[in-house]
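Residue numbers (my numbering): 2 to 281.
First comes the structure, then the notes that go with it.
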């Protein structure tokens, strides 16, 4: 757990959100936010798991290096092996948790109110969620967007903003994916490759028939760190090879956060009961 503490501290999460991840704040009602240290599933290093779902599922932070992509919270089903966008920031993340609690309980309970107090979520904002949930629950048209979801850079829950109006940079949330965006993305972010506008010109790491390990070391030898990173985070890697490649890439940068995340991935992988020949 100490390794996780160091990583989430370096990510500059608020103290309350760090406590939430470490389960120092009780999460009532929901069974999909279990301690992430209970089990390790194969996943690319661009995903920093924060919570473990009820099955082979992670909720975590997608953080890319060597490019200007914004970090976002995502869900990953290990069965389907792709990410879905969840939230852009901590406030949105917690807002969705509270909304899920209301969905299950069908009313505002003392447990929900206590959770909001523990995480310092304001009473005014809680009331806005209740109003939103009440309108949705009775099939009424929303009079305003969900609190903290007023921008178009995040897919709004329950379809308040159509994908055609989406202004974020997460590929799977787009109806049509500009090929240029694919050069700053891995295939875990692209649920349907046919949404890409020009499949002939996608980067090599998105092609299924590419030897990812050979491609990675080719990029690394040319000091193309961004390309090497996205290759490493694309499907078709054995876990043992990921650990070795990650350390090779680590030696190419002085980024403290990259070092911590790389070390954390290798550390948790080596502690897991996964076979080194397993893949993601």
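We treat Cβ as the ideally placed atom computed from N, Cα and C, and that holds for glycine.
What you are looking at is a predicted structure, and each value in this text was computed from that prediction instead of being measured.
CA nearest to the CA of residue 92, picked from 102, 74, 230: Of 102, 74, 230, the residue nearest in Cα terms is 74.
Alpha helix (DSSP H) runs wholly inside the segment 75-121, at least 4 long, in chain order: Taken in chain order, the complete alpha helix (DSSP H) segments of 4 residues or longer contained in the segment 75-121 are 91-106, 111-119.
Same chain, Cβ closer than 7 Å to residue 112, neighbours up to 5 away in sequence not counted: Result list for residue 112: 29, 30, in chain order.
Between the CA atoms of residue 45 and residue 89 - distance to the nearest angstrom: Whole-angstrom Cα-Cα distance: 20 Å.
Residue 57 versus residue 279: straight-line alpha-carbon distance, rounded: Residue 57 and residue 279 have their C-alpha atoms some 15 Å from each other.
Beta-carbon spacing of residue 240, residue 270 below 8 Å: A contact, by the Cβ cut-off of 8 Å.
Segment contact flag, the segment 241-255 with the segment 193-209, C-beta cutoff 8 Å, min 3 pairs: By the Cβ rule, the segment 241-255 does not count as touching the segment 193-209, because fewer than three pairs are nearer than 8 Å.
Where residue 53 sits in the DSSP three-state scheme: Looking at residue 53 - three-state DSSP - the assignment turns out to be strand.
Sheet register partners of residue 36 (DSSP bridge): Under the DSSP definition of a beta bridge, residue 36 partners with 52.
8 Å contact criterion, which residue 206 and residue 231 should meet: CB distance rounded: With a Cβ gap of about 5 Å, residue 206 and residue 231 count as contacting.
Beta carbon of residue 51 nearer than 8 Å to that of residue 63: No, the Cβ-Cβ distance between residue 51 and residue 63 is not below 8 Å.
Residue 161 to residue 149 span [Cα, whole Å]: Confidence at residue 161 is low in this model, with a pLDDT of 43, below 50, so the placement of that residue should be treated as unreliable; the coordinate-derived value is given next. Computed Cα separation, rounded: 13 Å.
Coarse secondary structure for residue 160, derived from DSSP in three states: Residue confidence for residue 160 is low, a pLDDT of 47 falling below 50, so the modelled location carries little weight; the figure read from the coordinates is stated next. Correct three-state label for residue 160: helix.
Which residues DSSP lists as bridging residue 62, in chain order: Per the DSSP secondary-structure output, residue 62 pairs in a beta bridge with 49, 74.
Residues that residue 178 bridges to, as DSSP identifies them: Paired residue(s): 197.
Which residues DSSP lists as bridging residue 239, in chain order: In the DSSP assignment, residue 239 forms a beta bridge with 280.
Residues near residue 87 by beta carbon distance below 6 Å, same chain, minus five either side: Sequence-distant Cβ neighbours of residue 87 in its own chain, meaning closer than 6 Å and more than five residues away, are 74, 75, 76.
Whole-angstrom distance between residue 114 and residue 124, CA atom to CA atom: Rounded to the nearest whole angstrom, the C-alpha separation of residue 124 and residue 114 is 8 Å.
Residue-level contact to chain D via CB, residue 67, 8 Å cutoff: Absent from the structure is chain D; it holds one protein chain and no more.
First and last residue of the uninterrupted alpha helix (DSSP H) at residue 222: Counting along the chain, the alpha helix (DSSP H) containing residue 222 begins and ends at 213-222.
Alpha carbon of residue 283 to alpha carbon of residue 128, nearest angstrom: Outside the displayed span of the chain (2 to 281) sits residue 283, for which this structure offers no information.
CA-to-CA distance, residue 225 to residue 82, given in whole angstroms: Going from the Cα of residue 82 to the Cα of residue 225 covers about 26 Å.
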